[in-house]
Amino acid sequence: MTTESIAIYWIEGDGIGPEIWNVTRPVLDAVVAREFNGTRRLEWKELLAGEKAVKETGSPLPEATLEALSTATLAMKGPLGTPVGGGIRSLNVALRHALDLYTCIRPIQHYGNLKTPVRHPERINIVVFRENTEDVYFGPEYPAGSVEAMRLIELLHDMGCDVLPSAGIGIKSISPQNTKRLVRKAIRFALNNNLPSVTLMHKGNIMKYTEGAFRKWGYELAEEEFSDVICTESNPQEGKLLIKDRIADAMFQEVLLHPENYHVIATSNLNGDYISDALAAEVGGLGIAPGVNMSDTLAFYESIHGTAPNIAGKDKANPCSLLLCGVMLFTHLGWHGAANRLRNALEATLSAGLVTEDLASNMINAKILGCKAFGEAVAERI
Ligand code: NAI
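Numbering-wise, the sequence shown is residues 2 to 383 according to the working numbering.
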């Protein structure tokens, strides 16, 4: 019997990273073993980043990590910590930039019969496509009083803009190329999965030449490349993919009041960051939403939550987000049986009322499990 090995690089992550990893990896291996009877296996190759990398190499993002990832096709990571208000910008942003991981995909839906903060979480089944490489989230930022901030403020004054000399400065840039490649991915995904709509989410009424341009270029791309198969709200057509747009603030109301009207959201970097956390809260919280950052060659899976320092090391973390990254990974590989097996095991565990503490607050009769015991409960149901 020959065994096909699929190489996956992994980064353990900071905070709750090691705990959710210790649960996720054996579960994914068990799913593959059950599904393929030894003919396929996952070959995990560890890379260093974050605190562990600093301890072992002195650098939070060693060159060897970037080098390995630059030719990789699959990787998975736990959360990496980022200091607020100073220090390095963000390891996550650095990775996305260095590897041109331009599309962040976050599918958010309701699992099991979890009780959540909203009355009808089952209406939420939305995939967020977030642009990952520009916007104010990525653009250069200079502290108040720095030479760079002062120079920019002087230039802005020359251009007739009134910016206080004491201000910190951040730059928001949004380009047609990066908008279009993101929107292309979102539309292709909706078409491949027979979904009814793609919504361009933007704040273009106020930021006309960045967010407004995102909307304009999004519609342009849809018309240029998909004109035969799409329609718009001004001319709806049966059987065609509806491309619509919503202003960002109204979008937050929409995902609470009418989430069933939204299937794919394509949006800029910061909007995507905010809306995906809000959607995750509607289905139970950050612990239950997975994600992938994609370039044209690499799929890099990660939980959408952070390092959760308040619960790190206490065996309280919810590993669902990383486990659901496994479902996404198996689907990406075309291993649909493995994806279903893992999803079903997870749903069965949640439906039995077995949850980690973060999911229990809205539930009556939930049995609260630690991170490790929750992983064992999922493994039993594989
Ligand atoms: P966070 O997502 O770590 O935590 C926010 C809240 O959600 C906390 O109450 C936490 O306990 C809870 N939570 C998050 N994940 C959970 C899980 N799996 N199970 C149970 N509860 C969970 O966000 P926060 O506190 O703003 O950020 C902490 C650090 O993480 C920061 O350094 C931040 O930059 C970083 N971060 C990293 C991300 C990544 O690596 N992709 C994403 C978001 C934040």
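From the three backbone atoms N, C-alpha and C, an ideal C-beta is built for every residue, glycine too. Source: prediction; values computed, not measured.
beta-carbon residue i near the ligand MG non-hydrogen atom, thresh 6 Å
i              : result
asparagine 294 : As far as ligands go, the structure on display features the ligand NAI and does not contain the ligand MG.
For residue i, three-class secondary structure by DSSP
i              : result
serine 352     : helix
leucine 1      : Limits of the chain in this structure are 2 at one end and 383 at the other, which puts residue 1 out of reach.
glutamine 254  : helix
arginine 189   : helix
asparagine 262 : helix
threonine 298  : coil
glycine 171    : strand
arginine 26    : helix
isoleucine 102 : For the record, residue 102 in the displayed sequence is leucine; it is not isoleucine. Looking at leucine 102 - three-state DSSP - the assignment turns out to be coil, as it is neither helix nor strand.
isoleucine 154 : helix
glycine 309    : Per the sequence shown, the amino acid found at residue 309 is alanine instead of glycine. In this structure, alanine 309 counts as coil in the three-state DSSP scheme.
leucine 334    : coil
lysine 373     : helix
tyrosine 143   : strand
CB contact flag (residue i, residue j, <7 Å)
i              : j                 : result
proline 283    : isoleucine 383    : A small fix is needed here, since residue 283 is glutamate in this sequence, not proline. Contact: no.
alanine 223    : isoleucine 175    : no
valine 32      : cysteine 372      : no
tyrosine 288   : serine 322        : Looking at the sequence itself, residue 288 is glycine, so the reference to tyrosine does not match. For glycine 288 and serine 322, yes; Cβs fall inside 7 Å.
valine 328     : arginine 342      : no
isoleucine 127 : alanine 281       : no
alanine 1      : valine 356        : Residue 1 lies beyond the stretch modelled for the chain, which goes from 2 to 383, so this question has no answer here.
glutamate 261  : lysine 78         : no
leucine 201    : arginine 216      : yes
alanine 300    : leucine 75        : yes
alanine 318    : phenylalanine 331 : no
Burial state of residue i (16 or more Cβ within 10 Å)
i              : result
glycine 240    : exposed
alanine 378    : buried
lysine 53      : buried
cysteine 162   : exposed
asparagine 206 : exposed
isoleucine 365 : exposed
serine 277     : buried
leucine 165    : exposed
leucine 96     : buried
alanine 8      : exposed
threonine 298  : exposed
histidine 111  : buried
asparagine 38  : exposed
leucine 62     : buried
serine 167     : exposed
asparagine 270 : buried
glycine 82     : buried
Strand pairing of residue i, partner residues [DSSP]
i              : result
tryptophan 45  : Ile9
asparagine 126 : Gln110
histidine 203  : Ile248
glycine 292    : Glu303
alanine 267    : Phe130, Leu201
leucine 242    : Ile231
Next on the checklist: When you compare the stretch 195 to 215 with the stretch 156 to 175, are there three or more beta-carbon pairs, one atom per stretch, that lie closer than 8 Å?
Outcome noted: yes
Checklist entry - On the three-pair Cβ rule with 8 Å, is the stretch 292 to 312 touching the stretch 101 to 120? => result yes
Checklist entry - Quick check: the stretch 70 to 81 against the stretch 43 to 61, are there 3 or more CB pairs under 8 Å? => result yes
Next on the checklist: Across the stretch 246 to 253 and the stretch 116 to 131, are there enough close Cβ pairs to call them in contact, namely three or more that are closer than 8 Å?
Outcome noted: no
Item to check | Segment contact, 8 Å Cβ cut-off, at least three pairs: the stretch 185 to 205 with the stretch 220 to 238 | outcome: yes
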